[in-house]
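Quick note, the sequences are listed as chains A and B, same order. Per UniProt numbering, residue 1 is the first one in the first sequence, and the count goes up by one each step. Per UniProt numbering, residue 1 is the first one in the second sequence, and the count goes up by one each step. The structure under discussion appears below in the form of structure tokens.
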Amino acid sequence: MSTGAKKRIMKEYGECMADTPPGMKINFDEQNMTEWEVLMDGPDGSSYAGGHFKLKITFPNEYPFKPPVVSFKTKIYHPNVSNDDKGSMCLGLLRPDEWKPPNKVVAVLRLIHNLLVEPNPDDSIEPSIANEYKENRKEFDKNAKDWVKRYAK
Amino acid sequence: MTAVDLDDERAEELTTLQSIYPELTINLSEPPSASIELPVAPTVPLPVAFDTEAASHPLSHLPPLLLEFILPLGYPADLPPQIKLSASPSWIPATVLNRLMDEGRSLWEEYPGMQMLFSYIGSIQEAAESAFGLNNLQLPLQLKDPFLDFNSKTKRQMFNQGTFECEVCLEPKKGSACYQLERCGHVFCIQCLQDGYNACITEGNVNNVKCMAIDCGKATGANEKKERLLSPKELLQIPLERKTVERFANLKRKKKMEMDKTIVFCPRSWCQGAMRTDKYPKITDVTQMDDFYLQDDEPISSTPPQDQAQPELTADGIEKRPGGITSDRLAVCEDCSLAFCRTCLASWHGDFVFCAPRTAQELTQDEQASLNFIHLNTSACPTCGVPTTKSYGCNHMTCFQCKTHFCYLCGAWLDPNNPYRHFDDPKKKFCYRRLMDLVMGDQADDGARFGGRRGAELEAAFWEEEARRIQDEEDAAAAAEVARQA
Numbered sequence: 001m002s003t004g005a006k007k008r009i010m011k012e013y014g015e016c017m018a019d020t021p022p023g024m025k026i027n028f029d030e031q032n033m034t035e036w037e038v039l040m041d042g043p044d045g046s047s048y049a050g051g052h053f054k055l056k057i058t059f060p061n062e063y064p065f066k067p068p069v070v071s072f073k074t075k076i077y078h079p080n081v082s083n084d085d086k087g088s089m090c091l092g093l094l095r096p097d098e099w100k101p102p103n104k105v106v107a108v109l110r111l112i113h114n115l116l117v118e119p120n121p122d123d124s125i126e127p128s129i130a131n132e133y134k135e136n137r138k139e140f141d142k143n144a145k146d147w148v149k150r151y152a153k
Numbered sequence: 001m002t003a004v005d006l007d008d009e010r011a012e013e014l015t016t017l018q019s020i021y022p023e024l025t026i027n028l029s030e031p032p033s034a035s036i037e038l039p040v041a042p043t044v045p046l047p048v049a050f051d052t053e054a055a056s057h058p059l060s061h062l063p064p065l066l067l068e069f070i071l072p073l074g075y076p077a078d079l080p081p082q083i084k085l086s087a088s089p090s091w092i093p094a095t096v097l098n099r100l101m102d103e104g105r106s107l108w109e110e111y112p113g114m115q116m117l118f119s120y121i122g123s124i125q126e127a128a129e130s131a132f133g134l135n136n137l138q139l140p141l142q143l144k145d146p147f148l149d150f151n152s153k154t155k156r157q158m159f160n161q162g163t164f165e166c167e168v169c170l171e172p173k174k175g176s177a178c179y180q181l182e183r184c185g186h187v188f189c190i191q192c193l194q195d196g197y198n199a200c201i202t203e204g205n206v207n208n209v210k211c212m213a214i215d216c217g218k219a220t221g222a223n224e225k226k227e228r229l230l231s232p233k234e235l236l237q238i239p240l241e242r243k244t245v246e247r248f249a250n251l252k253r254k255k256k257m258e259m260d261k262t263i264v265f266c267p268r269s270w271c272q273g274a275m276r277t278d279k280y281p282k283i284t285d286v287t288q289m290d291d292f293y294l295q296d297d298e299p300i301s302s303t304p305p306q307d308q309a310q311p312e313l314t315a316d317g318i319e320k321r322p323g324g325i326t327s328d329r330l331a332v333c334e335d336c337s338l339a340f341c342r343t344c345l346a347s348w349h350g351d352f353v354f355c356a357p358r359t360a361q362e363l364t365q366d367e368q369a370s371l372n373f374i375h376l377n378t379s380a381c382p383t384c385g386v387p388t389t390k391s392y393g394c395n396h397m398t399c400f401q402c403k404t405h406f407c408y409l410c411g412a413w414l415d416p417n418n419p420y421r422h423f424d425d426p427k428k429k430f431c432y433r434r435l436m437d438l439v440m441g442d443q444a445d446d447g448a449r450f451g452g453r454r455g456a457e458l459e460a461a462f463w464e465e466e467a468r469r470i471q472d473e474e475d476a477a478a479a480a481e482v483a484r485q486a
């Protein structure tokens with residue numbers, strides 16, 4: 001990784017510290033600055049309220065010319081997060097063809113926060129969950145809350 | 001000539017003025033005088049036409065106005081200052097200059113006995129911002145180059161003196177370390193532009209060589225310009241290395257030709273050049289390739305393709321074809337000049353020979369090897385057939401060239417409205433729950449390999465072979481047993 005990329009990651013970390021999006025905590029290891037651990041509280045009023053989610057943000061060597069990779073380490077019942085051991089996300093500015101270098105991690109964190117408040121079933125990675133979210137909101141809420149209790153306490 | 005007393009009101013006015021305008025030169029001998037060059041930078045660029053040219057050039061920087069004045073004994077109480085305005089070369093109409101000079105006198109009359117030079121300079125500066133009320137300007141042709149030159153040099157100078165925060169590295173950078181993109185005006189530091197574009201071009205991702213700003217070209221407003229690739233000429237200005245820019249231009253040309261079904265490539269395996277064609281002229285000089293070349297929505301050539309319905313005939317009545325070629329099947333390689341048949345890909349056999357398209361059995365060893373490699377390591381776009389490898393990300397692919405959505409694992413076309421359903425269908429055994437397989441790319445460090453879109457077939461072939469081998473071994477063992485017993 002180039003020194004420019006490292007500098008930018010440091011800078012972004014500084015910005016995140018000065019203005020951390022609400023309900024988030026970032027664990028940063030200077031020895032391994034390309035992997036951030038983010039602890040995110042489920043937003044109040046959402047189906048994920050009361051849950052604590054661990055995420056990993058990995059910066060590729062080509063950062064910021066390629067997007068960071070986001071994965072949920074805590075299982076979550078969500079149409080935009082893959083329901084497997086990877087917990088991957090692949091939408092919006094996280095897609096390599098949508099990403100632009102001036103985009104920042106803060107924007108990524110905000111995107112995730114907003115997706116917890118309001119999932120995007122039209123660009124889903126888990127179609128069955130997306131379908132449930134659209135067709136049977138009650139059942140979806142029940143399942144999401146159930147998973148929070150089981151995995152995210 | 002005697003110097004004026006420093007307590008003299010005139011000397012006092014000039015020295016005060018100089019502390020405000022350090023570029024003011026003053027001469028304190030009797031009568032004291034001073035001069036200053038005032039920049040002319042109209043806020044709305046002034047359209048200037050040279051000679052009888054129809055097109056005018058909007059200029060935002062024009063050569064400065066020189067203001068000279070002499071303060072006679074008796075100024076400011078009894079006498080007005082002697083004012084002289086000029087421009088070199090003289091481009092401001094005399095009527096305008098006279099009006100401005102008269103304004104100086106009336107300003108003195110308006111405030112009798114008062115020091116008026118500061119407000120006079122202010123009023124001229126203000127007038128310069130509106131180009132002294134001029135709406136357009138007609139100048140002789142010999143001033144064209146110096147004026148255009150002055151305009152761009154001053155612009156560059158102002159730009160260089162500024163400071164910009166590069167949105168990519170997030171560092172504040174001096175203007176001289178930055179570059180402003182021609183079409184949209186977004187500014188980035190040269191280092192970041194070079195890093196980003198060099199990476200794109202090295203990877204072959206030429207369709208990403210466009211402005212990096214987040215919202216550039218996204219808005220649909222009438223004033224917003226569509227997002228476009230940078231021109232080779234501009235890439236050289238940033239600057240990128242000529243070799244890189246040539247690669248960019250050639251790659252983009254090649255991509256366009258590969259998308260074009262009418263273009264065939266030289267059958268000589270060491271050459272593989274494209275056939276000669278007027279549609280995609282060979283790239284010779286990237287320094288001359290400016291915008292609207294190479295965009296996806298426009299052909300490379302500026303001449304319209306010949307009308308197919310009415311083919312032009314040569315003198316001997318043979319239909320003329322692009323590239324000076326006179327037969328349907330004849331193609332000439334633009335690199336090695338081999339004449340070959342575009343149907344059977346053999347060297348040219350003349351017009352009267354029947355030939356059939358070449359079949360896979362006729363491939364050379366090299367061709368077969370590269371074909372095998374392509375089968376094993378790429379997935380073809382279901383629409384345009386371009387072989388794709390995945391360097392990174394999930395298995396929902398969007399084609400580089402034609403934007404088709406497809407599955408990297410099995411090559412199936414995916415519905416752009418719901419591309420992920422494919423990976424959630426238990427009936428699709430090969431792809432079910434495998435959206436995120438090989439997320440870090442084909443040859444990622446966990447040793448997993450893609451195996452090609454034909455992976456399943458190859459695996460089946462392998463096991464078939466394996467079963468045959470085991471069977472053979474068993475047969476041989478049985479035969480040996482029979483022999484031993486006998």
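By construction, the Cβ of each residue, glycine as well, lies at the ideal position given by its N, Cα and C atoms.
Beta carbon proximity, residue i to chain B, threshold 8 angstroms
i              : result
D97 (chain A)  : yes
I57 (chain A)  : no
N103 (chain A) : yes
N112 (chain A) : Per the sequence shown, the amino acid found at residue 112 (chain A) is Ile instead of Asn. So, not an interface residue.
K7 (chain A)   : yes
K75 (chain A)  : no
G92 (chain A)  : no
I125 (chain A) : yes
D19 (chain A)  : no
Residue i, buried or exposed, once every other Cβ within 10 Å from all chains shown has been counted against 16
i              : result
I125 (chain A) : buried
D425 (chain B) : exposed
Q115 (chain B) : buried
D85 (chain A)  : exposed
F265 (chain B) : buried
L111 (chain A) : buried
S231 (chain B) : buried
Q471 (chain B) : exposed
G104 (chain B) : buried
W147 (chain A) : buried
M89 (chain A)  : buried
T378 (chain B) : buried
G204 (chain B) : exposed
A144 (chain A) : buried
Chain A within 8 angstroms of residue i, Cβ atoms only
i                     : result
Y392 (chain B)        : yes
I214 (chain B)        : yes
M114 (chain B)        : no
T398 (chain B)        : yes
L170 (chain B)        : yes
A199 (chain B)        : yes
V439 (chain B)        : yes
G217 (chain B)        : no
Y111 (chain B)        : no
residue 514 (chain B) : Nothing about residue 514 (chain B) can be read from this structure; chain B reaches only from 1 to 486.
N27 (chain B)         : no
Cα-Cα separation between residue i and residue j, rounded to whole angstroms
i              : j              : result
P101 (chain A) : K210 (chain B) : 12 angstroms
R242 (chain B) : K252 (chain B) : 15 angstroms
G122 (chain B) : E129 (chain B) : 11 angstroms
E258 (chain B) : A274 (chain B) : 9 angstroms
F53 (chain A)  : K153 (chain A) : 9 angstroms
K403 (chain B) : A199 (chain B) : 21 angstroms
S337 (chain B) : T202 (chain B) : 28 angstroms
P322 (chain B) : T43 (chain B)  : Low per-residue confidence applies at P322 (chain B): pLDDT is 49, beneath 50, and the placement is therefore not dependable enough to give any value.
N372 (chain B) : E465 (chain B) : 18 angstroms
D351 (chain B) : I374 (chain B) : 34 angstroms
Subject >> Validate contact between the region 85-100 of chain A and the region 7-14 of chain A using beta carbons, cut 8 angstroms, 3 pairs >> reply: Touching, no.
Original post:
Can at least three beta-carbon pairs, one atom from the region 76-86 of chain B and one from the region 42-53 of chain B, be found at a separation below 8 angstroms?
Top reply: Contact annotation: the region 76-86 of chain B does not touch the region 42-53 of chain B, with fewer than three C-beta pairs closer than 8 angstroms.
Original post:
For the region 155-170 of chain B against the region 129-146 of chain B, are there 3 or more C-beta pairs whose distance is under 8 angstroms?
Top reply: By the Cβ rule, the region 155-170 of chain B does not count as touching the region 129-146 of chain B, because fewer than three pairs are nearer than 8 angstroms.
Subject >> Length-filtered (4 minimum) alpha helix (DSSP H) runs lying within the region 229-257 of chain B >> reply: 232-237, all fully within the region 229-257 of chain B.
Original post:
If we count Cβ pairs, one from each stretch, closer than 8 angstroms, do we get three or more for the region 408-420 of chain B versus the region 384-400 of chain B?
Top reply: With a cut-off of 8 angstroms, the region 384-400 of chain B and the region 408-420 of chain B count as touching, because enough Cβ pairs lie within range.
**OP:** Evaluate the contact criterion for the region 24-37 of chain B versus the region 3-12 of chain B: three or more CB pairs, one atom per stretch, below 8 angstroms.
**Re:** Yes, the region 24-37 of chain B is in contact with the region 3-12 of chain B.
Subject >> Every unbroken alpha helix (DSSP H) inside the UniProt domain "UBC core" (4-153) of chain A [4 residues or more] >> reply: Counting only runs of at least 4 residues, the UniProt domain "UBC core" (4-153) of chain A fully encloses the following alpha helix (DSSP H) elements, listed from N- to C-terminal order: 105-117, 127-135 and 137-151.
Subject >> Within the region 19-46 of chain B, ranges of the alpha helix (DSSP H) (whole runs, at least 4 residues) >> reply: None, since the region 19-46 of chain B contains no complete alpha helix (DSSP H) of that length.
Original post:
Three or more C-beta pairs closer than 8 angstroms, one from the region 36-56 of chain A and one from the region 17-26 of chain A: is that the case here?
Top reply: They touch, by the three-pair rule.
**OP:** Entirely within the region 107-143 of chain B and at least 4 residues each: give me those alpha helix (DSSP H) ranges in chain order.
**Re:** If you keep only unbroken alpha helix (DSSP H) runs of at least 4 residues inside the region 107-143 of chain B, you get 117-129.
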